[in-house]
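A short worksheet on the structure shown next.
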Amino acid sequence: MIRLRKQILLLFIICSSLLSVIAQKPVRVVSLVPSVTQSIVDLKAEKYLVGITSYCNVPKGVKAEVVSSAVKMNVEKILRLKPDIVFVSGLTNAKDMETLKRMGVKIQMQPTPKSYAEICSQFLQLGRTLGYTEQAEKIVKESQKVIQEIREKRKREKTRRSKVLMQIGANPIFAVLPNTFMADYLSFLGVENIAEKETKGTLTREFVVAKNPDYIIVVTMGVVGEEERDTWLKHKTMTATKNGHIYIVDSTIACQPSPIAFKKTLEVLDKYIR
C-alpha cells in the first residue's frame, strides 16, 4: 500500500512538472526583431506570432499584426494583443520597453550576435523558450555540418589567400569589420578581409583601390547593387575588376543572423571566392 502511494505521488509530481512546462510555453509572441521573426519561421513556430514589425517577412497566412516600424513600436496595440513575450533589440525604444514591463509584459532582449557561434547559441535559446528545442538542435546541427565541410574543403585546397572587400550597401561604403558575425563568412573561407585592421566601417574608394582586392562582395539588393557594381568596374586597375570578380549578395539573407541564412550565404560565397 505504501509502495502504491509512493508511485502515485511520483506520477503526480511528473504530471505537475509537465503541466508547468506547458503553462510556461509562450503561445502569443510579439517579435520586434526581424531576425527573430525569421528564426521563428525557420522553427515552423510562426503560429505563435501575433505581432511583428513592418520589416519582418512571414509566410502568407500568418495573421500577425504589424505593431512597429524598425525602431518605434505601438505600445497600445501590443498591449491589446496580450503577448506572453515580446522580443526586442538594442534599437527598440527604451521608454516603450519600460512601459511594457510596468504593464507586466515579459521582455526578451535579443542582442546582435558577434559570431556564428553566438548565432547558434541564440537560436538554441529561442528554441528552448518556444518549446522547440529538438527542432532548433536539428537546424543548428545541419548548419554546422555544412559549414564544417566547407571549411575543411577550403583548408585542403590550400590556395593563395585572396583579398576580399565585403561591403554592406553603398554611399557610403561600409565594410564588414572584425568581431561581427559577417566577418566569420570571410574567416571561415580562409580569405583576407581588407578591412580587418579597421575600427570604423566606412571606407573611401581610394582606400579600397589602394588595397587592390581580388574580390568585391556587395551585400545589398536590387538596383543599388547593380549601380555599385558598375561603379567599381570603372576602377580598371583593381584585380577584382580585371578578373570580373565583383558579386552581389542578397542582404536579406547575408545580414540575417540565423543558422540557415548563414549557411546559405557561406555556400554562395564559397562558389564566388576562390
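Numbering (this note's numbering), first residue to last: 25 to 298. Note that beta-carbon positions come from the ideal geometry of N, C-alpha and C, so glycine has one too.
Residue closest to Thr204, alpha-carbon to alpha-carbon, out of Gly193, Ala194, Ile272 and Pro135: As a position in the sequence shown, residue 204 is number 180, starting the count at 1. Checked all of Gly193, Ala194, Ile272 and Pro135; the closest Cα to Thr204 is Pro135.
Reducing DSSP to helix, strand and coil, say where Gln62 ends up. Reading the sequence shown from its first residue, position 38 is the one you call residue 62. DSSP places Gln62 in helix when its eight states are reduced to three.
Which residue spans inside the stretch 171–239 form an unbroken beta strand (DSSP E) run of at least 3? Taking only runs of at least 3 residues, the beta strand (DSSP E) segments lying wholly in the stretch 171–239 are 187–192 and 197–199.
From Glu70 to Ile171, what distance separates their C-alpha atoms? Start at 1 with the first residue of the sequence shown, and residue 70 comes out as number 46. Start at 1 with the first residue of the sequence shown, and residue 171 comes out as number 147. In this structure, the alpha-carbon of Glu70 lies about 26 Å from that of Ile171.
Kindly list the residues whose CB is nearer than 8 Å to the CB of Val248, restricted to its own chain and excluding five residues on each side of it in sequence; keep chain order. Counted from its first residue, the sequence shown places residue 248 at position 224. Answer for Val248: Gly193 and Ala194, listed in chain order.
If you follow the alpha helix (DSSP H) that Val99 is part of, which residue opens it and which one closes it? Along the sequence shown, read from residue 1 onward, the residue named residue 99 stands at position 75. It spans Val99 to Leu105 - the alpha helix (DSSP H) in which Val99 sits, taken as one unbroken run.
What residue range does the beta strand (DSSP E) around Asp294 cover? The count along the sequence shown starts at 1 and reaches residue 294 at position 270. Secondary structure note for Asp294: it is in no beta strand (DSSP E), and the uninterrupted alpha helix (DSSP H) holding it is Pro283 to Tyr296.
In the DSSP assignment, find the unbroken beta strand (DSSP E) run with Glu89 in it and report its ends. Numbered from 1 along the sequence shown, position 65 holds the residue referred to as residue 89. It spans Glu89 to Ser92 - the beta strand (DSSP E) in which Glu89 sits, taken as one unbroken run.
Ile241 and Val232 closer than 9 Å at C-beta: The sequence position of residue 241 within the sequence shown is 217, counting from 1. The sequence position of residue 232 within the sequence shown is 208, counting from 1. In this structure, Ile241 lies away from Val232, with their beta-carbon atoms at least 9 Å apart.
Can you tell me the Cα-Cα spacing of Asn236 and Gly155, whole angstroms? In the sequence shown, the residue the question calls residue 236 occupies position 212. In the sequence shown, the residue the question calls residue 155 occupies position 131. Answer to the nearest angstrom: the Cα atoms are 49 Å apart.
Are there three or more Cβ pairs, one per stretch, closer than 8 Å when the stretch 207–215 is compared with the stretch 169–189? Contact holds between the stretch 207–215 and the stretch 169–189, because three or more Cβ pairs, one in each stretch, are under 8 Å apart.
Is the Cβ-Cβ distance between Leu124 and Ile102 less than 9 Å? Numbered from 1 along the sequence shown, position 100 holds the residue referred to as residue 124. Numbered from 1 along the sequence shown, position 78 holds the residue referred to as residue 102. The answer is yes: Cβ separation under 9 Å.
From the DSSP secondary-structure annotation, give me the bridge partner or partners of Gln132. For the purposes of this step, residue 132 is taken as residue 108 along the sequence shown, with counting starting at 1. For Gln132, which the question treats as bridged, DSSP gives the partners Phe111.
Can you give me the C-alpha to C-alpha distance between Lys299 and Val110, rounded to a whole angstrom? The question about residue 299 has no answer, for the chain in this structure spans 25 to 298.
According to DSSP, is Tyr156 helix, strand or coil? Here residue 156 refers to the residue found at position 132 of the sequence shown. If DSSP states are grouped into helix, strand and coil, Tyr156 belongs with coil.
Ser55: first and last residue of the uninterrupted beta strand (DSSP E) it sits in: If you number the sequence shown from 1, residue 55 lands on position 31. Per DSSP, Ser55 belongs to the beta strand (DSSP E) from Val53 to Ser55.
Starting from Ile75, trace the alpha helix (DSSP H) both ways and give me its first and last residue. Reading the sequence shown from its first residue, position 51 is the one you call residue 75. Here residue 75 turns out to be Gly, not Ile, going by the sequence shown. Premise fails: Gly75 lies in the beta strand (DSSP E), Leu73 to Thr77, not in any alpha helix (DSSP H).
Run the CB neighbour count on Glu158, radius 10 Å, all protein chains shown included, and call it buried at 16 or more, exposed below. As a first step, residue 158 is located in the sequence shown; it is residue number 134 there, counting from the start. Around the beta carbon of Glu158, fewer than 16 other beta carbons lie within 10 angstroms, which makes this residue exposed.
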